Amino acid sequence: MDSSSLLLLSILYLSLPISFSQKPNALVSPIAKDPATLQYFTKVYQRTPFVSLNVVLDLGGRYLWVDCDKGYVSSTYRPVRCRSAECSLANANGCGDCFSKARPGCNNNTCGVSPENPFIRTSTGGELATDVFSLPSTDGYKPGPAAKDPQFIFSCGPTFLLKGLASGTSGIIGLGRTKVAPPEQLAATFSFQRTFAICLSGSIGVMFFGGGPYVFLPGIDVSKSLIYTPLLINPVSTAGTFVQGEKSAEYFIGVKSIKINEKAVKLNQTLLNIDQNGVGGTKISTVNPYTLLETSIYKAVLDAFGTALSKVKKVKPVAPFGLCFDAKSIGSTRVGPAVPAIDLVLQSESVYWRIFGANSMVAVGNDALCLGFVDAGKNPRTSIVIGGYQLEDNLLAFDLARSRLGFSSSLLFRQTTCSNFDYTT
Ligand SMILES: *[C@@H]1O[C@H](CO)[C@@H](O)[C@H](O)[C@H]1NC(C)=O
Ligand SMILES: *[C@@H]1O[C@H](CO)[C@@H](O)[C@H](O)[C@H]1NC(C)=O
C-alpha cells in the first residue's frame, strides 16, 4: 500500500467513538487499493474497546470474517449458539466444539460456518459470533457521527486464512446476497434501505450502506442518474464450501451480447446463460483485478478489438494480457485512452454497460497499453467475470429489495471520480 493510502485510512474518522448516531440513513467507508496485490480493502470498527480493522473486500462473499486467533480482545464478544436464530440466519446448522482453552473463535456448542479466502481458494471452519460493529453514518455528502450495531454477526477465522491478503489486513468483508452479509444486516439493524453501493478507485474510493444520495465533489449526486439491470440468481453456490441447495451469494447480471465500436462480437450464446448446474453467465467480482473471459469469448473480443484498432501499432503482449499497443500511438480523451468502446449489452439493446479506455486499457510500463482482459480458460465456472479495474470510477448500487443493479458508467464523463467523496468532517 502506498503511504498516501495508509495515511488517508489512518487519519479518516478519528472522531469515530466519540459521538454516535442513533438513526442513520446510510453508512460510509473508504475503499483503498493495495498496489502489491491489487486488492481493495476498507476499514471497519469492532469490539469493546473499539479497534479499527482493515478488511479486504469480497463483493460476493457471504459475511465478514476476521482473524480471531491473534489478539482478539473484547468484552462484548459472544459466540453464536448452534440451532439459534442467528445461526439459521447464516444458513448454518452445524454445531462446533473446540478442544482448547475458551477464547474468541474457540467455544463449545457454537454455530459453525465456513469462512473463505477466495484469493487463495481456501475455506475452513469458523465460529459464528457477534460483537459491536461500527461505521460512520453519512447523509450522502460527508461522513457524520458513528453508528453502532451492538450485536453484529460475523465469523471468526484462523490466522492462516489471511494468506495472500494485502498486508495489514485482518479478514475479508463479504458483501454477498445473504442475510448476514453487512448490507442486509446493517439495513435490518438501522432500518434503512436494503441497498449498498461501491465506487472503486485506483486510490481511495468509497462504499455506502443504505440508499442515496451518493454525492461526489463538486456536488454531483450519482444516485440520481443510474442505469438499472436485473440482478440474477445463480441457483448453485459458487463458494468453496457450502450447504446443499445453497444459492450463490455472488452478483450475476444478464449480458446478452458484447459490442465493440457498436458492432456485435460473435459469441456462443450458451456461455452467456447460467445453466441448471450454475455454470456460465456473468458476475461482478472484486476478487479478480481484471475481467476474465472464457477462452472463445476472449479470442473473439481480442480479434474484434484488434481489428477496430488495426491502424494502431501493436507491441508484444505483456502477461497476463494478450493484446497490447504502442502507447504513443493512442491519443487520450476525458475517459481515458482513445480506443473503441466496449459495450456489455444487457436486458435490451438500449441498456448497456459501456467500457471506455480508462477501464479497458492498462498501462504497462511507459510504452505499452494493453487491453485489460484476461483469458479464463476453456471451462470456467462463470464465463464472464467483470473484475476490479473495469469497475473503477463507476458507481455500482446493489438494490437488494428490488434485485437490481444500478450503474453509473464512467464518472470521468461527469467530471468527477470515485475518489471525490468528501471525507472532511
Ligand atoms: C469443550 O468440551 C470439551 C469436552 O467436555 C472440553 O474438553 C473442552 O475443554 C471444551 N472446550 C471449551 C473451549 O470450553
Ligand atoms: C457453446 O458452448 C457450450 C457450453 O460450453 C458448448 O456445449 C457448445 O458446444 C458450444 N457451441 C459451439 C457452437 O461451440
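Residue numbers (mature numbering (1 follows the signal peptide of the UniProt record, and there is no 0)): -21 to -1, 1 to 404. Note that CB positions come from ideal geometry on N, CA and C, so glycine has one too. Remember, predicted model here, so these are calculated numbers, not experimental data.
Item to check | Assigned exposure category for Leu323 - 16 Cβ within 10 Å defines buried | outcome: To locate residue 323, count along the sequence shown from 1; it is residue 344. Buried, because 16 or more other Cβ atoms sit within 10 Å of the Cβ of Leu323.
Checklist entry - Is Asn247 near ligand 2, with its Cβ less than 7 Å from a heavy atom? => result Locating residue 247 in the sequence shown gives position 268, counting from the first residue. Result yes, Cβ under 7 Å from ligand 2.
Item to check | Helix, strand or coil at Ile212 according to DSSP, with G and I counted as helix | outcome: In the sequence shown, residue 212 corresponds to position 233, counting from 1. Three-state DSSP puts Ile212 in coil, outside helix and strand.
Checklist entry - Taking the continuous beta strand (DSSP E) assigned at Asp110, which residues delimit it? => result For the purposes of this step, residue 110 is taken as residue 131 along the sequence shown, with counting starting at 1. Run containing Asp110: 105 to 117, per the beta strand (DSSP E) assignment.
Item to check | ligand 2 heavy atom lying under 7 Å from the CB of Leu250 | outcome: Within the sequence shown, numbered from 1, the residue matching residue 250 stands at position 271. True, at least one ligand heavy atom lies under 7 Å from that Cβ.
Checklist entry - Helix, strand or coil for Asn87 per DSSP? => result The sequence position of residue 87 within the sequence shown is 108, counting from 1. Here Asn87 sits in coil by DSSP.
Item to check | Any heavy atom of ligand 1 nearer than 7 Å to the CB - residues listed | outcome: Asp76, Cys77, Phe78, Ser79, Lys80, Ala81, Cys85, Asn86, Asn87
Next on the checklist: By the DSSP assignment, the alpha helix (DSSP H) with Ala166 in it spans what residues?
Outcome noted: Here residue 166 refers to the residue found at position 187 of the sequence shown. Its alpha helix (DSSP H) spans residues 161 to 169.
Item to check | Own chain residues within Cβ distance below 7 Å of Leu205, not counting five before or after | outcome: By 1-based counting over the sequence shown, the position of residue 205 is 226. Excluding residues within five positions, the ones whose Cβ falls inside 7 Å are Ala376, Gly385, Phe386, Ser387.
Item to check | Contacting residues, own chain, Cβ-Cβ under 6 Å from Gly153 (five flanking each side not counted) | outcome: Along the sequence shown, read from residue 1 onward, the residue named residue 153 stands at position 174. So the qualifying residues of the chain are Asp37, Gly40, Arg41, Tyr42, Ala160.
Next on the checklist: I need the straight-line Cα distance from Phe304 to Pro319, nearest angstrom please.
Outcome noted: Looking up residue 304 in the sequence shown gives position 325. Looking up residue 319 in the sequence shown gives position 340. If you take the alpha carbons of Phe304 and Pro319, they lie about 13 Å apart.
Next on the checklist: Taking its Cβ as the centre, do 16 or more other Cβ atoms sit within 10 Å of Asp(-20), making it buried, or is it exposed?
Outcome noted: Numbered from 1 along the sequence shown, position 2 holds the residue referred to as residue -20. At Asp(-20), the pLDDT of 46 sits below 50, so the modelled position is not reliable; the number obtained from the coordinates is stated separately. Exposed: under 16 other Cβ atoms inside 10 Å.
Next on the checklist: Going by DSSP in three states, Val330 sits in which element: helix, strand or coil?
Outcome noted: Position 351 of the sequence shown, counting from 1, holds the residue named residue 330. It is coil, neither helix nor strand.
Checklist entry - How close, in whole Å, do the beta carbons of Val111 and Thr168 come, if the pair is a contact with beta carbons under 8 Å? => result As a first step, residue 111 must be located in the sequence shown, where it is residue number 132. As a first step, residue 168 must be located in the sequence shown, where it is residue number 189. No, Val111 and Thr168 are not in contact; Cβ-Cβ is about 12 Å, not under 8 Å.
Next on the checklist: Assuming the contact rule is C-beta atoms closer than 8 Å, Leu374 and Val201 should be a hit. Round their C-beta distance to whole Å, please.
Outcome noted: Start at 1 with the first residue of the sequence shown, and residue 374 comes out as number 395. Start at 1 with the first residue of the sequence shown, and residue 201 comes out as number 222. Confirmed, Cβ separation roughly 5 Å.
Checklist entry - Does DSSP put Ser8 in a helix, a strand or coil? => result Locating residue 8 in the sequence shown gives position 29, where the first residue counts as 1. Strand, per DSSP.
Item to check | Through-space distance from Arg360 to Leu350, alpha-carbon basis | outcome: Residue mapping note: residue 350 aligns to position 371 of the sequence shown, counting from 1. Residue mapping note: residue 360 aligns to position 381 of the sequence shown, counting from 1. When rounded, the distance between both Cα atoms is 23 Å.
Checklist entry - Between the C-alpha atoms of Ala81 and Thr220, what's the straight-line distance to the nearest angstrom? => result Taking the first residue of the sequence shown as 1, we reach residue 81 at position 102. Taking the first residue of the sequence shown as 1, we reach residue 220 at position 241. Roughly 26 Å separates the two Cα atoms.
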